[in-house]
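Beneath this line is the structure, given in structure tokens, with notes to follow.
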Amino acid sequence: MLGEDLTRFRDASKVLYNFLRAYSWSDKVERLGFDEVRDWGRNEIAQRLISFQVWMDVTDMVDYNLEVLNRNDLGNAFFQLSPTDPTVGFTFDASRVAGHTWPAVSSAEEHEHSSPEIYLLRQRLYLGSHLAMYIRHQLEEQKGYTCTVGISTTKLISKLIGNVNKPKGQTTLMPPFEAEEGGKNNINDFLDHHDIGAIPGVGFKLAQKLREYVLGAPADFEFGLVYGGTRENVTVGMIRGLPELSSEMLEKLLGGPGSPHGIGAKVFGLIYGVDDTEVGPARNVPHQISIEDSYIRLDTMEQVINELQMLSTRLIQRMRIDLTTTEDDEDDVSEMKHGNLESAPKKWMGRPETLRLTTRPRPPLNADGTRNRTFKRISRSVPVPSFMFSLQENVQSLASRVISEALLPLFKKLHPEKSGWNLSLVNVAVTDMVVTASGSRDAAGRDIGKMFRQQNHVLDEWKIKDDADDEGDIMVNMSNDVEVLPNGSITDPFSRYEEAAMGSESEWDEHSDEESSEPGDWCQSCRNTIPNFAKTAHERFHLLNE
DNA sequence: ACGAAATAG
DNA sequence: CGTTCTATTTCGT
Numbered sequence: 007m008l009g010e011d012l013t014r015f016r017d018a019s020k021v022l023y024n025f026l027r028a029y030s031w032s033d034k035v036e037r038l039g040f041d042e043v044r045d046w047g048r049n050e051i052a053q054r055l056i057s058f059q060v061w062m063d064v065t066d067m068v069d070y071n072l073e074v075l076n077r078n079d080l081g082n083a084f085f086q087l088s089p090t091d092p093t094v095g096f097t098f099d100a101s102r103v104a105g106h107t108w109p110a111v112s113s114a115e116e117h118e119h120s121s122p123e124i125y126l127l128r129q130r131l132y133l134g135s136h137l138a139m140y141i142r143h144q145l146e147e148q149k150g151y152t153c154t155v156g157i158s159t160t161k162l163i164s165k166l167i168g169n170v171n172k173p174k175g176q177t178t179l180m181p182p183f184e185a186e187e188g189g190k191n192n193i194n195d196f197l198d199h200h201d202i203g204a205i206p207g208v209g210f211k212l213a214q215k216l217r218e219y220v221l222g223a224p225a226d227f228e229f230g231l232v233y234g235g236t237r238e239n240v241t242v243g244m245i246r247g248l249p250e251l252s253s254e255m256l257e258k259l260l261g262g263p264g265s266p267h268g269i270g271a272k273v274f275g276l277i278y279g280v281d282d283t284e285v286g287p288a289r290n291v292p293h294q295i296s297i298e299d300s301y302i303r304l305d306t307m308e309q310v311i312n313e314l315q316m317l318s319t320r321l322i323q324r325m326r327i328d329l330t331t332t333e334d335d336e337d338d339v340s341e342m343k344h345g346n347l348e349s350a351p352k353k354w355m356g357r358p359e360t361l362r363l364t365t366r367p368r369p370p371l372n373a374d375g376t377r378n379r380t381f382k383r384i385s386r387s388v389p390v391p392s393f394m395f396s397l398q399e400n401v402q403s404l405a406s407r408v409i410s411e412a413l414l415p416l417f418k419k420l421h422p423e424k425s426g427w428n429l430s431l432v433n434v435a436v437t438d439m440v441v442t443a444s445g446s447r448d449a450a451g452r453d454i455g456k457m458f459r460q461q462n463h464v465l466d467e468w469k470i471k472d473d474a475d476d477e478g479d480i481m482v483n484m485s486n487d488v489e490v491l492p493n494g495s496i497t498d499p500f501s502r503y504e505e506a507a508m509g510s511e512s513e514w515d516e517h518s519d520e521e522s523s524e525p526g527d528w529c530q531s532c533r534n535t536i537p538n539f540a541k542t543a544h545e546r547f548h549l550l551n552e
């Protein structure tokens with residue numbers, strides 16, 4: 007019912023997203039879902055939280071740095087953040103992990119009985135953990151936000167492992183990942199105690215089917231409340247323990263209408279921690295924009311037109327904010343903050359091709375007076391009228407035009423009767439986004455990463471091959487909670503927490519930026535000044551490229 | 001192409 | 001607290 011202004015949240019998430027993108031070499035930086043907004047009562051003040059989750063595939067950075075790592079002096083390693091400038095980066099201790107591990111073991115005991123493969127994997131995870139630690143440190147220093155991070159080799163595990171130490175913690179799942187003859191498998195051990203519904207990709211429906219199968223009884227909730235959490239616990243371990251478990255068996259159980267094909271194999275993989283999905287490429291335009299509102303009662307044409315006016319006004323405003331950019335400067339967040347909306351010329355970065363109207367009719371009363379709970383939505387769509395892209399005409403009149411020319415005809419298709427319906431929800435959306443030339447350009451204004459990303463074509467040649475490496479990726483999943491107070495200020499909700507015991511993270515005081523200004527020699531090859539701490543890495547850098 | 005459904009946060 | 005709003009992907013037709 008409330009048309010809350012979420013612009014500030016979107017701005018904050020955009021700033022954070024671009025900050026992270028600036029570090030990536032591959033631009034594989036994927037936002038998970040969208041910003042979560044929830045109301046939060048605390049200290050008699052209504053506060054709002056946005057949660058913002060991102061995956062980053064840092065495989066290329068880790069592998070490059072593994073190549074240039076000086077194995078004779080792991081304790082004083084230098085992590086290169088730029089593939090072209092060996093002086094950009096930070097020092098770290100490559101003989102140990104940064105932050106927490108799972109399981110939590112002492113590094114001495116952990117290093118015993120290691121195969122070369124496990125040693126190498128551990129080393130790569132170490133690098134990933136130090137990169138995560140560095141980026142988190144920079145994020146807090148430069149933007150004032152803290153975050154929680156999970157480091158692993160797949161999206162699945164990096165997401166789940168990040169939950170282990172929060173807030174303000176980071177966790178790395180350590181090998182061994184593959185049981186060799188009675189050996190342990192930390193991925194399985196970690197997943198086993200999770201509720202099946204906690205596995206990303208196993209939503210409400212799939213989880214219920216699996217619970218019903220394991221319990222041998224109809225899907226059972228502890229109490230009448232059909233809201234998440236209060237159901238019987240069926241764990242991943244219980245499912246993996248089923249003797250008859252197989253892809254085929256799961257396909258039979260879970261397949262059918264509404265389920266993707268191959269769901270059995272997919273869930274079978276997830277149960278064993280197998281997930282080969284890629285971190286998607288960073289985007290600067292969304293695939294879709296939609297605005298919706300829910301209603302206790304909406305049953306007259308007059309009300310509908312009123313609501314459509316509000317929804318389409320907001321939709322057009324969102325299109326202008328999220329799908330346009332100024333000619334020269336892409337940093338439109340700060341543009342908008344300074345109210346330069348009208349002054350600077352804007353260009354469309356993306357053009358949606360489809361306009362869609364969705365409603366959720368309230369089901370009629372049953373004979374006994376009860377009402378079925380249904381959340382079924384129905385929708386109709388048309389091509390987006392071209393006038394919606396006008397940047398001169400005012401939003402209100404554009405909205406009126408969209409209603410009379412497109413939305414009302416769609417509404418009539420959905421609800422041919424003049425009355426008799428009662429809607430609990432109305433949604434207006436634009437989809438089928440086509441990214442235009444300006445939208446595909448690299449974003450992120452004057453961030454350091456801009457320089458790195460311009461070198462992507464060079465990076466391809468340099469990319470270290472992971473020969474026959476099936477578990478090659480290093481993924482980082484980062485989640486961040488930002489709180490916006492009623493006065494509009496944006497703070498970190500956990501910053502008021504007393505120094506939450508994060509022992510390993512306090513080490514950051516040791517190697518701060520002063521070191522990077524310490525005097526060094528000239529490199530004979532490129533005549534640049536190279537700080538002493540970066541010399542070894544720098545030599546490897548030249549070696550690798552000649 | 002279109003509409004529905006599942007998932008996520 | 002109670003469960004809204006936004007977004008993506010995939011499937012059947």
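Heads up: the first sequence begins at 7 in this note's numbering, then just goes up one per residue. C-beta: ideal position from N, C-alpha, C; glycine also.
Check	Outcome
Beta-carbon proximity check, I480 vs V64, cutoff 7 Å	yes
D299 and T160 closer than 7 Å at C-beta	no
Option in M394, M62, G105 with minimal Cα separation from R27	M62
Span separating the alpha-carbon of I202 from that of I269	15 Å
Reference P367; option with closest CA among R407, E423, R320, A412	E423
Cut-off 6 Å between Cβ atoms - residues of its own chain near S510, not counting five sequence neighbours on either side	Low per-residue confidence applies at S510: pLDDT is 23, beneath 50, and the placement is therefore not dependable, though the value from the model is reported in the following sentence. Same-chain partners within the cutoff: G105.
Proximity of L127 and P181 at Cβ, strictly below 7 Å	yes
Proximity of N483 and G156 at Cβ, strictly below 7 Å	yes
Cβ shell of H136 (< 7 Å), same chain only, five flanking positions each side left out	F85, F98, A104
Those runs of the beta strand (DSSP E) which lie wholly inside the region 384–437 and span at least 3 residues	384–389
Beta-bridge pairing of L221 - partner residues as DSSP gives them	Paired residues: none, contrary to the question.
Contact the region 164–176 vs the region 209–218: 3+ CB pairs below 8 Å	no
First and last residue of the uninterrupted alpha helix (DSSP H) at I245	242–246
Nonlocal neighbours in the same chain, by C-beta distance under 8 Å from L431, ignoring five residues either side	E298, D299, S300, Y301, T364, T365, R366, R383
Option in N191, N76, S32 with minimal Cα separation from P109	N191
Stretch pair the region 78–93 + the region 19–26: three plus CB contacts closer than 8 Å	no
Secondary structure of H106, DSSP reduced to three states	strand
Pair within 7 Å by beta-carbon distance, I295 and V401	no
Under the three-state DSSP convention, the category M316 falls into	helix
Cβ neighbour criterion (16 or more within 10 Å) applied to R217	buried
Identity of the residues DSSP links to L363 by a beta bridge	R386, V434
Contact set for V240: own chain, Cβ-Cβ below 6 Å, skip 5 residues either direction	I202, R217, V220
Alpha-carbon spacing of F96 relative to T177, whole angstroms	20 Å
Spatially closest choice to F2 from T152, H199, N78, L304, by CA coordinates	As shown, the chain starts at 7 and ends at 552. That puts residue 2 outside it, with no answer to give.
Cβ-based neighbour list, V440, same chain, cut-off 7 Å, excluding 5 preceding and 5 following	G356, R357, E359
Close beta carbons around E36, own chain, < 6 Å, minus the five adjacent residues each side	W61, V285, G286
Euclidean distance between Cα positions of N312 and G150	42 Å
Inter-residue CB distance, I322 and M394 (contact presumed, cutoff 8 Å)	7 Å
Member of P415, E399, H200, E411 whose CA lies at the smallest distance from the CA of S385	P415
Beta-ladder partner(s) of K352, from DSSP	T332
Proximity below 7 Å, CB of K352 to CB of L420	no
Host alpha helix (DSSP H) of V155 (start-end)	Element bounds for V155: not the alpha helix (DSSP H) but the beta strand (DSSP E), 154–158.
Spatial distance of V94 from I193 (CA atoms)	34 Å
One or two residues paired with P358 in a DSSP bridge	M439
For E298, the first and last residue of its enclosing beta strand (DSSP E)	295–300
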